[in-house]
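Engineer:
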Amino acid sequence: MRIVIDLNRCQGYAQCVPLAPTVLKLNGEEALMYDPNPDDSLRQQVLRAAASCPVQAIIVDRLDEKGEKA
Amino acid sequence: MKTAALVADLVTEFKTHGRIVIVGASLAGLRAAEALRDEGFNGSLTIIGDEKHEPYDRPPLSKQVLKGWVRADHTKLPRMRKVDAEWRLGVAATGLDRQTKQVRLANGDQVPFDRLLIATGVRSRPWFNPKEATLEGVFTLRTSDDSGRLQAALAAKPGRVLIVGAGFIGSEMASVCRELGLAVTVAERAEAPLVGALGGVIGDIAAAMQRDHGVDLRTGVSVEALEGDANGHVRRAKLSDGTTLDVDVVVASLGSIRNTEWLDGAGLATGFWGVACDAGCRVFDINGVVTDSIFVAGDIARAPHALYEYQFLALEHWDNAVFGGRVAGHNMVSLEADRRPHLPLPAFWSGQFGVNIKGVGVGPFGDEIVITQGSIKDRRFAAAYGRRGRIVAAVTFNHGKWLEYYGALIERSAPFPPPPPGYDQAGDMKPIPARFPDPRVPTGVPDVVLTGHDPNERGAEYRPKKRDPVGATKHAA
Chain A
1 MRIVIDLNRC QGYAQCVPLA PTVLKLNGEE ALMYDPNPDD SLRQQVLRAA ASCPVQAIIV
61 DRLDEKGEKA
Chain B
71 MKTAALVADL VTEFKTHGRI VIVGASLAGL RAAEALRDEG FNGSLTIIGD EKHEPYDRPP
131 LSKQVLKGWV RADHTKLPRM RKVDAEWRLG VAATGLDRQT KQVRLANGDQ VPFDRLLIAT
191 GVRSRPWFNP KEATLEGVFT LRTSDDSGRL QAALAAKPGR VLIVGAGFIG SEMASVCREL
251 GLAVTVAERA EAPLVGALGG VIGDIAAAMQ RDHGVDLRTG VSVEALEGDA NGHVRRAKLS
311 DGTTLDVDVV VASLGSIRNT EWLDGAGLAT GFWGVACDAG CRVFDINGVV TDSIFVAGDI
371 ARAPHALYEY QFLALEHWDN AVFGGRVAGH NMVSLEADRR PHLPLPAFWS GQFGVNIKGV
431 GVGPFGDEIV ITQGSIKDRR FAAAYGRRGR IVAAVTFNHG KWLEYYGALI ERSAPFPPPP
491 PGYDQAGDMK PIPARFPDPR VPTGVPDVVL TGHDPNERGA EYRPKKRDPV GATKHAA
């Protein structure tokens, strides 16, 4: 799957990190690092992390790798 | 038929059977394509990109990819909807003929269009000596292929890495090198890192951060020559202060060059700072007359900005590509009354040395700075930039939650120094000179530039087609 995080919008609350710890990491106090193309098996984790973001900064793909609705 | 009905008919006809070509298959081009389909454009859509890859995200390339956590080909951008486009990837556009409305490709093909979006962005400035640039171990960083190669070189544990240029990307790379435990030297021509974008006061803090993390930071120097061994691998760098460094990897992080060459001779207002357009992404021609069918978005666009005295603003920022692409897409299929302006409050971020640096506004438009919250010693603070008593920009180090507050002040041209919000006020809130370099002094090219009031000012130049006699090329500026 594919995600991108709008790091202008991200304010480093880091609510998302424990929900998808292999996809999202903090580098220091508030700089978020992430895996832009995590394995599909992590979709539920990533969706939960995205839903937890207080500023809606996590953008999740709406199409899968075949170009169909994810 | 009444005129209004005729126009409505034309719009319907264009949305059904029109041909739109987007040149540039990265963030701005992709988001524009999605916006076009969102707006009900059902005609033919062609997206041309010189890289063979489908659109991918670039910010991770200098961070998690170099670190080895994320593969270089694993930053593909999420798709928000089907765009149903013909993708022409791996072939560059080499020319534009406005008379016949065709884009010429490197393989000789001609792609006709009714409306065109220019989103060809920038490329990294290469090492100035072409022979030295071909030495093994000499890199630039812009594309995912660049990042993959550099990552492999760093993973091979080189003895010392030399990074030339301490802008945001150079500094981020130095940070990754230290996280990987590599010896790294950063050579910067200016007095400190990040001075082009943030000025000398913040530059001093960035310099201290680098040195605290074990970076061998050399400021006020340039790298004059690189030398290779018998196998053609770079081994030594000669600095302008007379010193010589033993190095195994050199990364030239010298800013960017706008990809405007393919527009030479098209008679558009293009040049060093990009492609001039109005606030609605419509491109100006060389005479400052706005075109109807050619639009521009992303790093390569420069448009007058209401917040900065209507000077043209060139912005190499991520969200400028996203929002610019969307506005361009909307305006390409909308009538005059429905067009929207793209007037972004510039915003950026950079993660380095464990610190999240974020900013809003245009720092170099100001001349004073005041630390408003937090403490420099803790590397957790907010600072505001001012010009003639009003706030024009703000920057935070690990204090991003407060940036929105300053952004709102900038948008309404609030007084400078601004009232700090809430708690956590800095001790000494006296404005001091921000120490931006004289714009005439060559230094690292910042990624936000105010480029004057004229569409053709500051380096836009008219390069007529080949039929003109030698020497006829005149600079419009």
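As given, the protein sequences belong to chains A and B, one line each in that order. Going by this note's numbering, the first residue of the first sequence is number 1, and it counts up by one from there. Going by this note's numbering, the first residue of the second sequence is number 71, and it counts up by one from there. No residue lacks a Cβ here, since even glycine has one placed at the ideal position from N, Cα and C.
1. Kindly confirm or deny that the stretch 388 to 403 of chain B and the stretch 96 to 116 of chain B touch, where touching means at least three C-beta pairs closer than 8 angstroms.
2. Taking a Cβ distance cut-off of 7 angstroms, strictly less, list which residues of the stretch 457 to 485 of chain B are near chain A, in chain order.
3. For B:ALA223, which option in B:GLY191, B:HIS303 and B:ARG158 has the closest C-alpha, if you only look at C-alpha atoms?
4. Counting Cβ pairs, one atom from each stretch, are 3 or more of them under 8 angstroms apart for the stretch 432 to 447 of chain B and the stretch 497 to 508 of chain B?
5. Which of the three DSSP states is assigned to B:SER132 in this structure?
6. For chain B, check one thing: does any of its Cβ atoms lie closer than 8 angstroms to the Cβ of A:ASP39?
7. Would you mind sorting B:GLU379 into buried or exposed? The rule is 16 or more other CB atoms within 10 Å of its CB.
8. Within the 8 angstroms Cβ cut-off, does B:GLY522 reach chain A?
9. Check whether the stretch 321 to 339 of chain B touches the stretch 211 to 223 of chain B, taking contact to mean three or more Cβ pairs, one atom from each stretch, closer than 8 angstroms.
10. Should B:PRO416 be labelled buried (16 or more other beta-carbon atoms within 10 Å of its own) or exposed?
11. Would you say B:ASN112 faces chain A, with C-beta separation under 8 angstroms as the test?
12. Can you name the start and end residues of the beta strand (DSSP E) that A:LYS59 belongs to?
13. Using DSSP bridges, identify the partner residues of B:ILE117.
14. Any idea if B:ARG281 is buried or exposed, counting beta-carbon neighbours within 10 angstroms, 16 or more meaning buried?
15. Are B:GLY237 and B:LEU264 touching if we call contact CB-CB under 8 angstroms?
16. Distance, Cα to Cα, A:PRO18 vs B:THR330?
17. Please check if any C-beta of chain A sits within less than 8 angstroms of the C-beta of B:HIS123.
18. Quick check: the stretch 458 to 469 of chain B against the stretch 420 to 430 of chain B, are at least 3 beta-carbon pairs closer than 8 angstroms?
19. To which residues does DSSP link B:GLY344 through a beta bridge?
20. For B:ALA276 and B:ALA257, which I take to be in contact (beta-carbon distance under 8 angstroms), what is that distance rounded to the nearest angstrom?
21. Leaving out the 5 sequence neighbours to the left and right, which residues in its chain are closer than 7 angstroms to B:PRO130 when beta-carbon positions are compared?
22. Using the Cβ count rule (16 or more neighbours within 10 Å means buried), how would you classify B:ARG528?
23. So B:ALA339 and B:PHE354 are supposed to be a Cβ contact under 8 angstroms. How far apart are they, rounded?
24. In whole angstroms, what is the alpha-carbon distance linking B:TRP343 and B:VAL518?
25. In the DSSP assignment, find the beta strand (DSSP E) that holds B:ASN426 and state where it starts and stops.
26. Using a Cβ cut-off of 8 angstroms, pull out every chain A residue sitting near B:LYS146, in sequence order please.
27. Find the residues of chain A that neighbour B:VAL140, judging by a C-beta separation of less than 8 angstroms, and give them in chain order.
28. Within a Cβ cutoff of 8 angstroms, which residues of the same chain sit near B:GLY477, ignoring the five residues on either side of it in sequence?
29. Between B:LEU309 and B:GLU294, how many whole angstroms is the CB-CB distance? I'm expecting something under 8 angstroms.
30. Would you tell me roughly how many angstroms separate the C-alpha atoms of B:GLU386 and B:LYS137, rounded to the nearest one?
31. Counting only C-beta atoms, is B:HIS545 closer than 8 angstroms to chain A at any point?
Structural biologist: Let me lay it out:
1. yes
2. ASN468, GLY470 and LYS471
3. B:HIS303
4. yes
5. helix
6. no
7. exposed
8. no
9. yes
10. buried
11. no
12. With the sequence shown as reference, residue 59 of chain A is identified as Ile, and Lys is not the correct amino acid for it. Its beta strand (DSSP E) spans residues 58 to 60.
13. B:ILE92 and B:TRP157
14. exposed
15. yes
16. 45 angstroms
17. no
18. yes
19. B:GLY341
20. So it is not a contact: roughly 15 angstroms between Cβ atoms.
21. VAL140 and THR145
22. Any reading at B:ARG528 must be qualified, since the residue scores a pLDDT of 49, below 50, and its modelled position is unreliable; the value itself is stated next. Buried, since its Cβ has 16 or more Cβ neighbours within 10 Å.
23. 4 angstroms
24. 10 angstroms
25. 425 to 431
26. ARG2, PRO36 and ASN37
27. ASP35, PRO36 and ASN37
28. LEU415, ALA417, VAL430, GLY431 and ALA464
29. 7 angstroms
30. 23 angstroms
31. Note that B:HIS545 has pLDDT 39, beneath the 50 cutoff, so the model's placement of it is unreliable and the number below is only indicative. Closer than 8 angstroms: no.
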